[in-house]
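Below you'll find the structure, written out as structure tokens, and then a few comments.
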Amino acid sequence: MTRIENTFRTLKERKTKAFISFIMAGDPTFEKSLAIIKGLPEAGVDLIEIGIPFTDPMADGPSIQLAGQRAIASGTTLNRVLDLVSEFRKNDKKTPIILMGYFNPVMAMGVEKFLSNCKTAGVDGLIIVDLPPEEDQELCIPSVKAGLNFIRLATPTSDTKRLEKLLQNTSGFVYYVSITGITGAATPEAKSIQAQITELKGNTELPICVGFGVKTPQIAKEIAKVADGVVVGSAIVDKIAKNTSTQEILSFCKTLADATHSISSD
Amino acid sequence: MNNFVNTLRAGPDENGRFGEFGGMFVSETLMPLILELNNQYENAKTDPLFWTEMDDLLKNYVGRPSPLYFAERLTKHLQGAKIFLKRDELNHTGAHKINNVLGQILVARRMGKSRIIAETGAGQHGVATATVCARFGLKCIVFMGKTDVERQSPNVFRMRLLGAEVIPVTSGRGTLKDAMNEAMRDWVTNVHNTFYCIGTVAGPHPYPAMVRDFQSIIGREAKEQLMEAEGKLPDTIIACIGGGSNAMGLFHAFLDDHSVNIIGVEAGGMGVDDRMEHAASLTGGRPGVLHGNRTYLLQDEFGQIIEGHSISAGLDYPGIGPEHSWLHDIKRVDYVSVTDSEALDAFQLCCTQEGIIPALEPSHALAHVMKIAPNLEKDHILLLNMCGRGDKDIFTVANALGEGLDD
Ligand SMILES: Cc1ncc(COP(=O)(O)O)c(C=O)c1O
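Line by line, the protein sequences are chains A and B.
Just so we're aligned: 23 in my numbering is position 23 of the first sequence, and the numbers increase by one with no gaps anywhere.
The number in my numbering is simply the position in the second sequence, starting from 1, with 266 added.
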């Protein structure tokens, strides 16, 4: 069982929901993102998503675009992203780490080398936005073989037939994108996504986490009522952009985590 | 494609690949739409009614067929190969771009899409899209890098006159690639009513194939016209490459004619070297994935995309259509590059020798013709795609020549 699967099982036993946070590696510096990541488990974050910066993030809104630019400016290569994970793993063997990004930086490193580096560093899962099931042979199949979870995005445009296809090689959990749009855009409505989640549940046993547009503890709470987990990215990244102290960022994450955990899975 | 060993014209395969290049590298939100587009396009392709409408518009609205013109004074001046120009700069809106736009808008209408978005670099694709949208009463939004908005201001005004909304894009260096990112973001957001009209043979499958099909009329016409004029195939055909649509349009009809030497000319900017101040993806790039397809890209060793540079706003794209990447790897097409200053010389020569003000893009192809024509036999037929006219470029050229115009 992978760390991700383990985490969801534990949460289920504790009858609560998962809180997942996203930050960009190296934003604004390697040291600061390491300090934040190190504090996340203590703040109640159950799974950590770390962004791999890319010059052309087609699915991201201004917040994460700018985070990527700050990270690139601070010298964050894919190697440095993996260093960040290794550093974190020295003291935390339990919290799952998921890398999220685009395929080109991975290609530049080489798929085989990337996967073996991921294993060594202690990465548990991958979300590569521009690799739909049609391109599974590129990275999805090799990463599943390497023992990593390949997590897929399901969206409001995925119909039943499409869901079948995109659930095929996915594992860990399903990331339901609550809106048609880019990260950080409109706020989702719990009501409107409930129907979609019910449909997803009919197609898979995997936990379903909802992200894109969740900005406040209130929204996190609403979403947690209908999903197995909540993902927050842009709202945290926006705080980092304003040079907020590590302590304050972690307190913000804690309010989100507490809100999510206040919802029981019964 | 492997089933068609005798032809180079059968690609892409069912996965949208030309060899290893192409594919569908987009976020999941877009996948259902792209698959639907593929279906609709496959239907349209074999529907005679679709082509009846298309042919009528190409003839009466665009002004096709475009002439094949023997460039007599240029030929005399260069004292070598016999030079023919395929005059796609005479099309309505002044470039080849409209051939493709017309096709895509007809497909969009079949799909019932009411909102059209496009990216543009030089503004030619934006103008063509705004034009055809006006013709059909469709809402049109054009994303254009801020830098390009400044250096191609006549085209910005043209688009606005035609009723389009032009959105300046400030991310990155504010050029074509950034405009394309922003168009993709809009598309993901408004996927239900929006059709993305891509301006070159790039993007996810089926765009590279679809755009090529709509542009391939250039080569088919030229082949027939040259047969009539000279009774034979050309010896060399040549076109400039931004994303590669005018080039694929000219090349496709000739890919299986192995006697025909095919040359693609990329933008060499300040020279193809480590400074990366160029836009020659094949000559100076490596395979990667951007904007929905696997292809040669300008990128650093860590896979970050490099912006590229060219004096021509239509050529400074860090990628190239995937079919070109494949034709490069199998060595069917020869890809070379030409610098900004060589293109400027060619631009001026064409003005004074032929009374044709060319766009800066085909001036690159012409610059290569200037290099090779003098060394070729007098009966060597050289066919160049004059894919756009230069009205839009006069301010840029004036600046480069140190003759500021009031603009
Ligand atoms: C006249 C002209 N030629 C060429 C290009 C480059 O595009 P492509 O390589 O797709 O033909 C452009 C693009 O704006 C253009 O306006």
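Cβ atoms here follow ideal geometry from the backbone N, Cα and C, with glycine treated the same way.
None of these values were measured; they are calculated from a predicted model.
Contact holds between the stretch 476-490 of chain B and the stretch 352-372 of chain B, because three or more Cβ pairs, one in each stretch, are under 8 Å apart. At least one C-beta of chain A is nearer than 8 Å to the C-beta of N447 (chain B).
Pairing V328 (chain B) with D130 (chain A) gives a Cβ-Cβ distance that is not under 8 Å.
Below the 8 Å Cβ cutoff, chain B contributes E294 as neighbours of R152 (chain A), in chain order. Checking the 7 Å criterion, the Cβ of N512 (chain B) is within range of a heavy atom belonging to ligand 1. Within chain A, the residues whose beta carbon sits less than 7 Å from that of F568 (chain B) are T77, L78, P105 and A108, listed in sequence order. At a cut-off of 8 Å, the C-beta of M58 (chain A) has a neighbouring C-beta in chain B. In the DSSP secondary-structure assignment, F284 (chain B) is bridged to B:F287. In this structure the stretch 51-58 of chain A lies against the stretch 69-76 of chain A, because at least three pairs of beta carbons, one per stretch, are closer than 8 Å. In terms of side-chain proximity, the C-beta atom of P278 (chain B) is found no nearer than 7 Å to any non-hydrogen atom of ligand 1. The Cβ-Cβ distance between G585 (chain B) and S547 (chain B) falls below 8 Å. For K597 (chain B), no alpha helix (DSSP H) segment is defined, and its DSSP state is neither H nor E. R14 (chain A) sits exposed, since fewer than 16 C-beta atoms from the chains shown fall within 10 Å of its C-beta.
Taking the CA atoms as reference points, E669 (chain B) sits about 17 Å from I623 (chain B). Ranked by Cα distance from T216 (chain A), the options A:P57, A:P188 and A:N149 are led by A:P188. Along the stretch 140-164 of chain A, the positions whose C-beta sits under 8 Å from a C-beta of chain B are R152, L153, A154, T155, P156, T157, S158, D159 and R162, read in chain order. With a 10 Å radius around the Cβ and a threshold of 16 neighbouring Cβ atoms, Q196 (chain A) comes out buried.
Each residue's CA atom was taken as its position, placing G213 (chain A) and I179 (chain A) some 8 Å apart. The C-beta of K379 (chain B) comes no closer than 8 Å to any C-beta of chain A. Ranked by how close their Cα comes to the Cα of E135 (chain A), the residues B:L521, B:S511 and B:H471 have B:H471 in first place. The CB of I72 (chain A) comes closer than 8 Å to the CB of Q570 in chain B, given here in chain order.
Listed along the chain, the chain B residues whose CB falls inside 8 Å of the CB of E199 (chain A) amount to none; the nearest CB is some 14 Å away.
Residues of the same chain with a CB within less than 7 Å of the CB of E608 (chain B), apart from the 5 flanking positions on each side, are A633 in chain order. Counting only residues of its own chain and dropping the five nearest sequence neighbours on each side, I407 (chain B) has a CB closer than 6 Å to the CB of I383 and E431. Going by DSSP, G550 (chain B) is part of the alpha helix (DSSP H) stretching over S547 to G550. In the assembly as shown, A495 (chain B) is an exposed residue. Its beta-carbon has fewer than 16 other beta-carbons within 10 Å. In the three-state scheme derived from DSSP, where H, G and I count as helix and E and B as strand, E49 (chain A) is classed as strand. In this structure, B:A347 is the residue among B:A347, B:R330 and B:Q390 with its C-alpha nearest to the C-alpha of F336 (chain B).
Taking 8 Å as the Cβ-Cβ cut-off, the stretch 180-199 of chain A approaches chain B at T180, G181, I182 and A185, given in chain order. With a cutoff of 7 Å, P628 (chain B) counts as near ligand 1, since its C-beta is closer than that to a heavy atom of the ligand. When the five nearest sequence neighbours on each side are left out, the beta carbons in the same chain lying within less than 6 Å of the beta carbon of T76 (chain A) are those of A25, G26 and P53, in order along the chain. In the DSSP assignment, T16 (chain A) forms a beta bridge with A:S264. Excluding residues up to 5 positions away in sequence, P278, G282, H471, P474, N559, R560 and P588 lie with their Cβ nearer than 7 Å to the Cβ of G288 (chain B) in the same chain.
Here the alpha carbons of S21 (chain A) and Y583 (chain B) stand approximately 35 Å from one another. With respect to the C-alpha of G438 (chain B), the residue from A:T155, A:P57 and A:I23 having the closest C-alpha is A:P57. Counting the other Cβ atoms within 10 Å of the Cβ of N357 (chain B) gives 16 or more, which makes it buried.
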